[in-house]
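Please read the structure below before turning to the comments.
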Amino acid sequence: MAPESLGQIFVGTLLSNNFVLAMFLGLCPFLGVSARINTALPMGAATTFVIMVASLCAFGLNWLVTTFHLEFLRLISYIVIIASAVQLVEMFLKKNSPALFRALGIYLPLITTNCAVLGVALFQTAREYSFLQAMTFSFAGGAGFTLALLLMAGLRERLNFSSVPNVVQGTALSLMLAGLLSLAFMGFAGLGAGE
Amino acid sequence: MSEQATPTAAPEAPATPSAAMIRTLGLVATICGVLIVSSYEGTLDAVNANKKIALERAVFQVIPGAAKVEEYYATSAGIQPATGPTPEGGAKFYAAYDKAGAIKGIAAEGASKGYADVVRVLFAYDPAKQVINGIGVISMRETPGIGDKIYTDKAFLKNFEALDVKLAADMKTLANAVKVVKHGTKQNAWEIDAISGATVTSKAVGRGINESAQKLLPLLVPNLDKLGSK
Amino acid sequence: MALPGQKQPSNMEEFLEGIWKQNPTFVMVLGMCPTLAVTVSAMNAISMGLATTFVLVASCLLVSTVRNIVPPQVRIATYILIIATFVTVVDYAIQAISLAVYDALGAFIQLIVVNCIILGRAEAHAAKNPPVRAAINAVGMGIGFTIGLFALGGVREVLGAGKLFGISLFGPDFQPWVVMVLPPGGFFVLASWLLLFNWLNSRKTRADRIETVGGHVHGA
Chain A
3 MAPESLGQIF
13 VGTLLSNNFV
23 LAMFLGLCPF
33 LGVSARINTA
43 LPMGAATTFV
53 IMVASLCAFG
63 LNWLVTTFHL
73 EFLRLISYIV
83 IIASAVQLVE
93 MFLKKNSPAL
103 FRALGIYLPL
113 ITTNCAVLGV
123 ALFQTAREYS
133 FLQAMTFSFA
143 GGAGFTLALL
153 LMAGLRERLN
163 FSSVPNVVQG
173 TALSLMLAGL
183 LSLAFMGFAG
193 LGAGE
Chain B
10 MSEQATPTAA
20 PEAPATPSAA
30 MIRTLGLVAT
40 ICGVLIVSSY
50 EGTLDAVNAN
60 KKIALERAVF
70 QVIPGAAKVE
80 EYYATSAGIQ
90 PATGPTPEGG
100 AKFYAAYDKA
110 GAIKGIAAEG
120 ASKGYADVVR
130 VLFAYDPAKQ
140 VINGIGVISM
150 RETPGIGDKI
160 YTDKAFLKNF
170 EALDVKLAAD
180 MKTLANAVKV
190 VKHGTKQNAW
200 EIDAISGATV
210 TSKAVGRGIN
220 ESAQKLLPLL
230 VPNLDKLGSK
Chain C
1386 MALPGQKQPS
1396 NMEEFLEGIW
1406 KQNPTFVMVL
1416 GMCPTLAVTV
1426 SAMNAISMGL
1436 ATTFVLVASC
1446 LLVSTVRNIV
1456 PPQVRIATYI
1466 LIIATFVTVV
1476 DYAIQAISLA
1486 VYDALGAFIQ
1496 LIVVNCIILG
1506 RAEAHAAKNP
1516 PVRAAINAVG
1526 MGIGFTIGLF
1536 ALGGVREVLG
1546 AGKLFGISLF
1556 GPDFQPWVVM
1566 VLPPGGFFVL
1576 ASWLLLFNWL
1586 NSRKTRADRI
1596 ETVGGHVHGA
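Here it is, written out as structure tokens:
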């Protein structure tokens, strides 16, 4: 059990150790999907859901793997569970919300290769979080990812109305924006540090 | 219509696609299984040796003159060697022995959240004088140039040359909890002078040490004689 | 990656493809997560690059070897299984070689599994080509990725710590540009490299166009 309190984990993961802007997890969808606010929010929500499911499964798997001394199978079991979870989410969305399924398009199956999902499982294992700590961590992580996505989408939508030099357009511009956001989020450091 | 992807040299074709899928996955899984297990077994000795070297290096740094390190758990029932997970209510510590086999000092870890992430320190405990007489930072992700002064600031490190951690009369807690005070206001042997401008990180170090000592020392001190020599 | 009817690229072209034309970092912009996270020093960058190259080459070799017996429905699952295996192998190998490098790279070694470069190469190239060709291409890609990582790690270490490979370059009075070794610095340095790449490419395109038009340009 790690020495951090639930509140510290929540605030820390949401703001000062934001998954995208400080820990560099989930960058591919962050750069790819953040062009519009209306796709950013559902993408963030879907990713948060998958992250929490993955965290839950990883917690159980880790207990299994440690009890039977099969540590070398940990990575493979994590990635297989994640791939299955994404498949299930896809099937569920296709049946219950086809519009959303179409809107997310190719990015839904790409959640499997999203570093954030596997990253959550790996980090919570490395930090030896308890069950509640892990759930708080994964929820805050997904929420932080969604927050970063929304901020980026808002910025990029505004930038559509400015004249940006051709050389900078595209990924270079997104990365610079991300750098500025990351710099801003550094201001949150120290939040939740105990007394 | 079943789609089969079999090489022309295969003697018999699978009857259904499911059989082909299962057969392929089974084959690949077997190859992968062999690869993983052989690499795990092949590197196990080297990995354990590396971990031991890293631990020894950390402990020898805070307890100069030590030649051998053993890991133990201190529990209310006494001291036991550290094999397996931490028992309920137990605390892990490292006993360092010199070349002759006599006990040279005790080391233990403390951790607490600092500015950016958890700060982990290893501190050395002198059972004869009941003080902490050295620390080493195991890991931290504090701000470079500010928080990382806990590695180098000489005045800060001086705090840990004789940090008083003697037990109270009832042997259940420390007589005085380890406290971090504002830079320049240290008055008692159990206080730590924070680094000016790096208060949060200094407080994390102090908190980590206090929590660890409060947990470990009441369990360890009554059983010190059981450690013997090696 | 030759289309039917086109000449098969030579082995040299396969190798060079990943280094310049399809450089994973600067052209395809793939594998961003480890690129930004571990490039706080040149040594970490190169270690990560070598680890990824190993996984890439080994996975592409195995994928290419079994490519004819894998039914299409399970191919992604098979590729992921193979890649995860080699990542586990490299994880133990690094622990055995150097615990210091292992601690520096942290969880990002295991995150090589979800590095889009590897799955992308396996799907796009290794599954359609014989083992030797797949391996050559993978080596080129891996080297291109390592070059990209080093470009980032080198700049960040020099500016943010005044050192390269741990060797101090500027003497003790150098005030390091600390933000470069912090997360925002990673974003800025990568953005600058991409900017440079884009600019060079656009100049080359303009020069090519001027040549074809015949060299008469009024103004610019």
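The listed protein sequences correspond, in order, to chains A, B and C.
Using my numbering, count along the first sequence one by one with no gaps and you end on 197.
Using my numbering, count along the second sequence one by one with no gaps and you end on 239.
Using my numbering, count along the third sequence one by one with no gaps and you end on 1605.
C-beta atoms are modelled at their ideal positions from N, C-alpha and C, and glycine is treated no differently.
Given a threshold of 16 other Cβ atoms within 10 Å of its Cβ, counted over all protein chains shown, does residue i qualify as buried or as exposed?
| i | result |
| --- | --- |
| C:Pro-1557 | exposed |
| B:Thr-17 | Low confidence applies here, because B:Thr-17 scores a pLDDT of 44, under 50, leaving its location unreliable; read the following figure in that light. Classification of B:Thr-17: exposed, given that the 10 Å Cβ count is below 16. |
| B:Pro-73 | exposed |
| C:Asn-1429 | buried |
| C:Thr-1410 | buried |
| C:Ala-1387 | Reliability of the predicted coordinates at C:Ala-1387 is poor, the pLDDT of 48 falling under 50, and no value is obtained from them. |
| A:Ala-56 | buried |
| B:Ala-137 | exposed |
| C:Ala-1605 | With a pLDDT of 47 at C:Ala-1605, under the threshold of 50, the predicted position of this residue should be treated as unreliable, though the coordinate-derived value follows. Exposed: under 16 other Cβ atoms inside 10 Å. |
| A:Met-45 | buried |
| A:Arg-38 | exposed |
| C:Gly-1416 | buried |
| C:Ala-1536 | buried |
| B:Gly-114 | buried |
| B:Ala-24 | Note that B:Ala-24 has pLDDT 46, beneath the 50 cutoff, so the model's placement of it is unreliable and the number below is only indicative. Exposed, since its Cβ has fewer than 16 Cβ neighbours within 10 Å. |
| A:Ser-99 | exposed |
| C:Glu-1542 | buried |
| B:Ser-211 | buried |
| B:Thr-161 | exposed |
| B:Met-180 | exposed |
| A:Gly-143 | buried |
| C:Pro-1515 | exposed |
| A:Ala-60 | buried |
| B:Thr-152 | buried |
| A:Phe-193 | The amino acid at residue 193 of chain A is misidentified as Phe; the sequence shows Leu. Exposed, because fewer than 16 other Cβ atoms sit within 10 Å of the Cβ of A:Leu-193. |
| C:Ser-1395 | exposed |
Using alpha carbons as the reference points, say which of the options lies closest to residue i.
| i | options | result |
| --- | --- | --- |
| B:Gly-123 | B:Arg-150, B:Ile-112 and B:Ala-164 | B:Arg-150 |
| C:Val-1442 | C:His-1510, C:Glu-1398, C:Asn-1453 and C:Gln-1407 | C:His-1510 |
| A:Val-201 | A:Thr-114, A:Gly-181 and A:Ser-57 | Nothing can be reported for residue 201 of chain A, as the shown portion of chain A is limited to 3 through 197. |
| A:Leu-204 | A:Gln-171, A:Leu-183 and A:Gly-121 | This structure cannot speak to residue 204 of chain A, because chain A is shown only from 3 to 197. |
| B:Leu-226 | B:Lys-61, B:Lys-101 and B:Ile-159 | B:Lys-101 |
| C:Thr-1420 | C:Leu-1490, C:Thr-1463, C:Asp-1593 and C:Leu-1504 | C:Leu-1490 |
| A:Phe-133 | A:Met-25, A:Asn-98, A:Leu-63 and A:Phe-32 | A:Leu-63 |
| B:Phe-169 | B:Glu-79, B:Ile-112 and B:Val-71 | B:Val-71 |
| B:Ala-203 | B:Ala-38, B:Thr-182 and B:Gly-156 | B:Gly-156 |
| B:His-192 | B:Phe-165, B:Thr-84 and B:Leu-36 | B:Phe-165 |
| A:Ile-108 | A:Thr-41, A:Leu-16 and A:Val-67 | A:Thr-41 |
| B:Lys-163 | B:Ile-201, B:Ala-58, B:Ala-29 and B:Gln-223 | B:Ile-201 |
| B:Ile-88 | B:Arg-32, B:Ala-104, B:Leu-36 and B:Ala-29 | B:Ala-104 |
| C:Ala-1469 | C:Tyr-1487, C:Asn-1500 and C:Arg-1452 | C:Asn-1500 |
| B:Ala-28 | C:Leu-1580, C:Lys-1589 and C:Gln-1458 | C:Gln-1458 |
| C:Met-1565 | C:Lys-1548, C:Leu-1580 and C:Leu-1579 | C:Lys-1548 |
| C:Tyr-1487 | B:Ala-63, B:Val-128 and B:Ala-86 | B:Ala-63 |
| A:Gly-156 | A:Phe-139, A:Leu-179, A:Ser-140 and A:Ala-145 | A:Leu-179 |
| B:Pro-26 | C:Ile-1454, C:Arg-1506 and C:Ala-1546 | C:Ile-1454 |
| C:Ser-1432 | C:Ile-1532, C:Gly-1571 and C:Thr-1463 | C:Ile-1532 |
| A:Trp-65 | A:Leu-177, A:Thr-138, A:Pro-167 and A:Thr-127 | A:Thr-127 |
| A:Phe-103 | A:Gln-135, A:Leu-124 and A:Ala-47 | A:Ala-47 |
To which residues does DSSP link residue i through a beta bridge?
| i | result |
| --- | --- |
| B:Asp-173 | B:Val-140 |
| B:Ile-201 | B:Val-189 |
| B:Arg-129 | B:Ala-120 and B:Ser-148 |
| B:Leu-183 | B:Leu-176 |
| B:Tyr-134 | B:Ile-115 and B:Ile-141 |
For a cutoff of 8 Å on Cβ pairs, would you count residue i as touching chain F?
| i | result |
| --- | --- |
| B:Ser-85 | No chain F is present in this structure, whose protein chains are A, B and C. |
- Message: In chain order, what are the residue ranges of uninterrupted beta strand (DSSP E) at least 3 long that sit wholly in the region 73 to 122 of chain B?
- Response: 77 to 84, 87 to 90, 100 to 106 and 112 to 122
- Query: Does the region 214 to 230 of chain B come within contact of the region 181 to 194 of chain B, defined as at least 3 CB pairs closer than 8 Å?
  - Reply: yes
- Message: As an exercise, report each continuous alpha helix (DSSP H) stretch of at least 4 residues that is fully enclosed by the region 1506 to 1573 of chain C, in chain order.
- Response: 1516 to 1546
- Task: Specify whether the region 1475 to 1482 of chain C and the region 45 to 53 of chain B touch according to this definition: at least 3 beta carbon pairs, one from each stretch, less than 8 Å apart.
- Result: yes
- Segment contact flag, the region 1512 to 1523 of chain C with the region 1399 to 1407 of chain C, C-beta cutoff 8 Å, min 3 pairs: yes
- Touch check for the region 88 to 99 of chain B and the region 58 to 78 of chain B: three-plus C-beta pairs under 8 Å? no
- How do the region 83 to 90 of chain A and the region 152 to 161 of chain A stand: do at least 3 beta-carbon pairs fall below 8 Å, yes or no? no
- Write down every uninterrupted run of the alpha helix (DSSP H) in the region 1391 to 1462 of chain C whose length is 4 residues or greater and which is fully enclosed by it, in chain order. 1396 to 1401, 1417 to 1422 and 1427 to 1450
- Query: Hey, which unbroken runs of the alpha helix (DSSP H) at 4 residues or more fall wholly within the region 114 to 139 of chain A?
  - Reply: 117 to 128
- So, do the region 1585 to 1592 of chain C and the region 171 to 179 of chain A have three or more beta carbon pairs nearer to each other than 8 Å? no
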